[in-house]
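Asks:
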Amino acid sequence: MTPPAAFATAPAGFEHEALFYRDDETFLAGVLPFVRDGLTRGEQVVVAEPPGRLELLRDAVGAAAPVRWLDMAALGGNPARIIGAWRTVLDETTAAGRGLRGVGEPAWPGRRDAEYAECRLHELLLNTAFDDGPAWRLLCPYDQTHLPRAVRTGALQSHPLVSTHEHRRPSTAFSRESAAATFATPLHQPSEGVLRGIYGAGDARATRRTVVTFARSCGLSAEQAQALELAASELVANSVRHGGGSGTVAMWRTDEAAIVEFSDGGHISDPLVGRRVPPPEQVSGRGLHLVNELCDLVQLRSCPRGTTVRITTWR
């Protein structure tokens, strides 16, 4: 095993590493050498952390350092938005002839179980999204003191490299097959309290009205209801065009969220759909990306038996 500060050679491709830390001290001991090494090499360094960690690291690096700081709580509230953001930064830095080095912590302590599930899928899909592209490094910190065991175990499966502030090694638990398997695994379904309906080609307006009525009954804001209405419009249209001409909508609430789920018989073979930023000239195929941008949490699963898009709006 080698010390995590030893970055003697440039990566041959995408280098995706999980850093396990216990406290502020070990967080800084693991991340600071990574950031400083990137600055020394003249790379573009981008740090995406939740606010507390962001301020801690910014104070340690120094306000004058040429680091781009991103609030991961805003960027990654819906983890399906993160890959598109990294792709945009990578394209910009590659066009400028520079290398990229990123720090990203989507699975911070205190997130909900559904969010952790999407963080895991996001981390798995990062390898799919960037393995065949330009070389760059991404370090993903994980709080081994406060995160659930399942989240920490998932990090070992989704990162080819794993480190602490003392050691760095390949992850023996890493699996490239887990991304496709997770994307194809159905979401857990509630057993009661679910309102269901069927929609077809002529039901877009009625489905939107039903979703808005449900949103208001859950006490969602006008802005949240409008986001769900737009999402419903896009997802019904997708079902009609690509999902066999019809689909089902399910709605239920929990103590902290209103949930609307769209399902149809179509099969999406690309697990990155909706996660890439569509080019300006692209006219169609923008719906799932728009849904990801609008909504609090979007969970997409697809297999040959059908596709489900679950939208969670926090109350």
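Residues in the sequence shown are numbered consecutively from 1, following UniProt numbering.
Note that the Cβ used here is the ideal one computed from N, Cα and C, for glycine as well.
Owing to the predicted nature of the structure, the values given are computational and were not obtained by experimental measurement.
Inspect the beta-carbon positions of residue 243 and residue 274 and report whether they are closer than 8 Å.
Replies: The answer is no: Cβ separation not under 8 Å.
Asks: Considering only the beta carbon of each residue, do residue 144 and residue 20 sit closer than 8 Å?
Replies: Yes.
Asks: Quick check for students: name the residue ranges of the beta strand (DSSP E) that lie wholly in the region 186 to 238, counting only runs of 3 or more.
Replies: Entirely contained in the region 186 to 238, the beta strand (DSSP E) runs reaching 3 residues are, in chain order, 195 to 199.
Asks: Out of 35, 278, 141 and 313, which has the shortest C-alpha to C-alpha gap to residue 62?
Replies: The shortest C-alpha separation from residue 62 is found at 35.
Asks: Can you tell me whether residue 3 is buried or exposed, with buried defined as 16 or more other CB within 10 angstroms of its CB?
Replies: Its pLDDT being 47, under 50, residue 3 is placed unreliably by the model, and the measurement read from it follows with that caveat. Exposed, by the Cβ-count rule.
Asks: Work out the CA separation of residue 228 and residue 5 for me, nearest whole Å.
Replies: Bear in mind that a pLDDT of 46 at residue 5, under 50, signals an unreliable position, so the model cannot answer this.
Asks: Measuring only the C-alpha atoms, how far is residue 241 from residue 300?
Replies: Taking the straight line from one Cα to the other gives about 17 Å.
Asks: Go ahead and label residue 198 buried or exposed: buried means 16 or more other beta carbons lie within 10 angstroms of its beta carbon, across all protein chains shown.
Replies: Exposed: under 16 other Cβ atoms inside 10 Å.
Asks: Label residue 43 either buried or exposed according to how many other C-beta atoms from any shown protein chain fall within 10 Å of its C-beta, with 16 as the threshold for buried.
Replies: Buried, since its Cβ has 16 or more Cβ neighbours within 10 Å.
Asks: Pull up the CB-CB distance for residue 69 and residue 56, whole angstroms please, since I reckon it's below 8 Å.
Replies: Contact flag wrong, Cβ pair sits at about 12 Å.
Asks: Could you tell me the boundaries of the beta strand (DSSP E) in which residue 14 lies?
Replies: Counting along the chain, the beta strand (DSSP E) containing residue 14 begins and ends at 14 to 21.
Asks: From the DSSP output, in three-state form, read off residue 34 for me.
Replies: Helix at residue 34.
Asks: By the 10 Å Cβ neighbour count, where 16 or more other Cβ atoms means buried, how is residue 79 classified, buried or exposed?
Replies: By the neighbour-count rule (16 or more Cβ atoms within 10 Å), residue 79 is buried.
Asks: By DSSP, does residue 184 sit in helix, in strand, or in coil?
Replies: In the structure shown, residue 184 sits in a helix (DSSP, three-state: H, G or I).
Asks: What do you get for residue 281, buried or exposed, if any count of 16 or more other CB atoms within 10 angstroms of its CB means buried?
Replies: Burial call: exposed.
Asks: So, for residue 161: in the same chain, excluding its five sequence neighbours on each side, which residues have a beta-carbon less than 8 Å away from its beta-carbon?
Replies: So the qualifying residues of the chain are 15, 16, 17, 18, 168, 169, 170 and 171.
Asks: Return yes when the Cβ of residue 315 is within less than 8 Å of the Cβ of residue 230, no when it is not.
Replies: Contact: no.
Asks: Report yes or no: do the region 107 to 125 and the region 79 to 96 share at least 3 C-beta pairs separated by less than 8 Å?
Replies: Touching, yes, given that three or more Cβ pairs across the two stretches are closer than 8 Å.
Asks: DSSP state of residue 138, grouped into three classes?
Replies: In the structure shown, residue 138 sits in a strand (DSSP, three-state: E or B).
Asks: Compute the Euclidean distance between the alpha carbons of residue 192 and residue 153, then round it to the nearest angstrom.
Replies: Straight-line Cα distance between these residues: approximately 31 Å.
Asks: Which partner residues of residue 258 appear in the DSSP bridge assignment?
Replies: Paired residues: 253 and 313.
Asks: Does the Cβ of residue 50 have 16 or more other Cβ atoms within 10 Å, making it buried, or fewer, making it exposed?
Replies: With 16 or more Cβ atoms within 10 Å of its Cβ, residue 50 is classed as buried.
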